[in-house]
Structures are given as structure tokens and as C-alpha cells.
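A.B. asks: Supplied in C-alpha cells, the structure appears directly below.
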Ligand SMILES: NC(=O)c1ccc[n+]([C@@H]2O[C@H](COP(=O)([O-])OP(=O)(O)OC[C@H]3O[C@@H](n4cnc5c(N)ncnc54)[C@H](O)[C@@H]3O)[C@@H](O)[C@H]2O)c1
Ligand SMILES: [Zn+2]
Ligand SMILES: [Zn+2]
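Numbering (our numbering), first residue to last: 11 to 371.
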């Protein structure tokens, strides 16, 4: 099968032939339709001291089940599925407590090769599956716990984006922060994730939704997803600009992964308000004035939108099919898998909300 392999920082990603192991009893083989390009893929490439290579990145994927192992009970060949971006064991402290997103047996940033039996190889060498998926490929071979069955009348290419950016963003608003109807919300960083925090706040019935970015095209997109106000950080201090619009801001979300913007999020909320860090900032730090905690300000993290994906992902698909969740405007470009390097460049340049890599193109 064909997969896009990242081998080294100074080499473009290339589509190569790889070999899959035979399907183990708990595994599912999926023919992928499409996979998005998320900033976390770039983090794995750039920010880890040493990315585990060779690796197939991409973790926003959907497709059709081709084959299942003997112990698999929840899906069968022909089922339409979205891939959850890491497996969860189902029996650790966190899984049993209903906090699957914190499973302590999950495999971030890469699904580890299985000792003697690597699941994927290229010329006999083991290949890692990025963020527990490896979705920039024509097929994925994963444990059943990562496979979410969805209705079969939803367009697989579009709903693939639910696999990360949508679940992460909408979930951060609805599950992590539990945004209250009528409240005021700011979202710093309006990429694929931030735009979905904005629409999560809209779905939750927020009043003012203030989008903050440095790029006018991103602020335009934010309006389409439900932002009521836009702030360009280049026009002056974003904290002062947001406070002028919402003096008692209830929630601020950081969706970039920078210390400076985490500080901004914490500074702009009211006493008792909540700042949520969604951006990934491996190795970065933020300075937080400890005196602000006497105002009962809260600073919290969010992973995968605090989602219980087997329930939440099919629900998000339903919301899309009912016209209540925007996915189409997230797709700025559709490209064949072979153009993944161009998709990464466009994301870094801030040109796109999301690029969808189509396995059919
Ligand atoms: N917590 C999670 O579970 C989770 C899941 C997925 C992605 N992420 C992380 O979320 C972050 C965003 O991902 P994405 O795919 O939306 O990225 P993206 O590159 O599509 O979007 C980032 C946006 O931030 C804007 N930006 C950059 N610097 C800024 C600044 N100083 N002030 C205001 N805006 C600024 C950019 O213009 C861009 O619009 C990444 O760090 C990613 O790794 C986290
Ligand atoms: Zn992602
Ligand atoms: Zn677990």
C-alpha cells in the first residue's frame, strides 16, 4: 500500500510502498478516503527533539473497513469509520472514570512498533504511525479502540476532519470549558482548531465570540464559523482590544501553542473566568501572575476536546448532516497525497483552514 513517509527533517515527505502486517485479532484494516493536515503533525516533525522516523504522519482520517480481526466486535467490513487519533485501553484509571482522552496507555506521539512484529514496514524496516494513526496513507491498520463507526450516508472526505480538529475544537468549548449560554468567549488562533472552538462556542449559545489572529484571511473565516467580533493582534495589544469588547470575558481559548498567547488568554478573562490551553507547546513555558489566582481565575488544559469519542464523534457527524456544524468551509484545498509537502507549507504560511489529502485523487 502507498503511504507518505517522513524520514528526515531535510528531506521532503515522499509517497512510498509499505507493507502491512496481517490483521491481528484486535485489529481493523481500513481503506482510507481522506486525511486532513493538522498543526500537530508539524509539531511531531519539528518540535520533538528527535521525531521517531520513518513515520507516517496524519491523524484526521476516515474510510471504509476492509478487514477485521477475529476478536473485533464493534465494526465489520463495509462499515464507514472515523479514526480516533490515539487508542485508549478501556481499563486504566482514566478510561474507567470516563476520561478516555487521558488514558495512560495511549501511544502519543507515535504508535510503537510491536517488537518482533512491526505493523508496518518499508523495505523490511519498521515504520511508526504518527499520533497513533498514520493517516497519510491509503490504509491504516489499528486496534479496534481507535475505530469509530459512523452512519454510512455522511461524505467520508468531509467528516474525516471531525477526527481531530473538529472534535478538539468543539469539544474544548463544550466539554472542557462547558461554555454557558449567554457568556462571552475569545479564541486566540483561528486555524483548523480555533475555528472549531468558535463554532463550539456558537453551538453552546455564547453571546460575544471574539476571534483573535494576526491574519485578516483567518479573521474572515472566523466570521463564517460564528465569530461576532474580530481582533487583529497586529493592531495593538490583543488583551486590551478584547477587554474593550467584553470587559467581563468569561472564557479565553489559546489555539496556537505559544507562551505569549497563553499569557494573553489568562490576562483577558474576568475574575472567576476560565482560560483553556488547546495549543500544543512542547518545551515552551508561560509566565502567569500568581496574584491573579486570588481572583479565582482558572487556567486549564484540553486534549482531544475532552471527548468520549465513541459517543461524541457520531454526534458531530449527525450535527453536520443536520446542517448545524460547518465542515465545508474548513476545506480550503483538496490535494492528492503526493502533495502533502505543499499542504504543510500552506498551513505554516497561514493560507488555509485545512487541506484535505484525498486518497482517491
Ligand atoms: N489539545 C489538543 O488536543 C490538540 C489537538 C489538535 C491540535 N492541537 C494544537 O492546536 C494548535 C492549533 O492547531 P491548528 O491545526 O489549528 O494550527 P493552524 O496552523 O491551522 O492555526 C494556527 C493559527 O494561529 C494563528 N497565530 C499564530 N500566531 C499567532 C499569534 N501570535 N496571535 C494570534 N494568532 C496567531 C495563525 O495565523 C493560525 O491562524 C496547534 O498547536 C496544534 O498542535 C491541539
Ligand atoms: Zn490534530
Ligand atoms: Zn486507558
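Glycine is no exception: its CB is placed at the ideal position from the N, C-alpha and C atoms.
#1: Just to confirm, is the Cβ distance from residue 35 to residue 79 under 7 Å?
#2: When the Cα atoms are used, what is the spatial distance from residue 15 to residue 152?
#3: Check for me: the alpha helix (DSSP H) holding residue 27 runs from which residue to which?
#4: As a quick check of your reading: which residues have a C-beta less than 5 Å from at least one non-hydrogen atom of ligand 2, in chain order?
#5: Give me the Cα-Cα distance between residue 130 and residue 29, rounded to the nearest whole angstrom.
#6: Report the partner residues of residue 314 according to the DSSP bridge assignment.
#7: Mind listing, in chain order, the continuous alpha helix (DSSP H) runs of no fewer than 4 residues lying wholly within the segment 57-142?
#8: If you pair each beta-carbon of the segment 298-314 with each one of the segment 267-286, do three or more pairs fall below 8 Å?
#9: Under 8 Å, with one C-beta from each stretch per pair, do the segment 160-170 and the segment 292-301 reach the 3-pair mark?
#10: Determine the direct distance from the alpha carbon of residue 62 to that of residue 106, and round the result to whole angstroms.
#11: At 3 residues or longer, and completely inside the segment 255-310: list those beta strand (DSSP E) runs for me, N to C.
#12: How close, in whole Å, do the beta carbons of residue 140 and residue 54 come, if the pair is a contact with beta carbons under 8 Å?
#13: Give me the residue from 74, 11, 143 with the minimum Cα distance to residue 133.
#14: How about residue 115: is its Cβ closer than 6 Å to a heavy atom in ligand 3?
#15: Should residue 70 go down as buried or exposed, given a rule of 16 or more other Cβ atoms within 10 Å for buried?
#16: Do the CB positions of residue 265 and residue 289 come within less than 7 Å of each other?
#17: Since residue 12 sits in a beta bridge, which residues does DSSP pair it with?
#18: Which residues in the same chain have their Cβ closer than 6 Å to the Cβ of residue 342, if we skip the five residues on either side of it in sequence?
#19: Tell me which residues share the same chain as residue 64 and place their Cβ nearer than 8 Å to its Cβ, disregarding the 5 neighbours each side in the sequence.
#20: Would you mind working out which of 33, 335, 114, 24 sits nearest residue 98, comparing C-alpha positions?
#21: Applying the criterion that 16 or more other CB atoms from any shown protein chain within 10 Å of the CB defines a buried residue, is residue 310 buried or exposed?
#22: Could you name each continuous alpha helix (DSSP H) segment of 4 residues or more that falls completely within the segment 334-360, going from the start of the chain to the end?
#23: Is residue 94 a contact residue of ligand 3, with contact defined as CB to any heavy atom under 6 Å?
#24: Quick one: does the C-beta of residue 98 sit closer than 6 Å to a heavy atom of ligand 5?
#25: Buried or exposed: residue 334, going by 16 or more other Cβ atoms within 10 Å of its Cβ?
#26: Does the segment 180-193 come close enough to the segment 201-218 to have 3 or more Cβ pairs within less than 8 Å?
C.D. replies: Short version:
#1: yes
#2: 18 Å
#3: It is not in any alpha helix (DSSP H) - residue 27 instead sits in the beta strand (DSSP E) that spans 24-27.
#4: 48, 50, 174
#5: When rounded, the distance between both Cα atoms is 6 Å.
#6: DSSP output for residue 314 lists no bridge partner at all.
#7: 103-106
#8: Touching, yes.
#9: no
#10: 30 Å
#11: 261-264, 284-287
#12: 6 Å
#13: 11
#14: yes
#15: buried
#16: yes
#17: 27
#18: 362, 363
#19: 15, 16, 17, 132, 135, 137, 138
#20: In terms of CA proximity to residue 98, 114 leads the group 33, 335, 114, 24.
#21: exposed
#22: 350-358
#23: no
#24: Among the ligands in the structure shown, ligand 5 does not appear; only ligand 1, ligand 2 and ligand 3 can be found there.
#25: exposed
#26: yes
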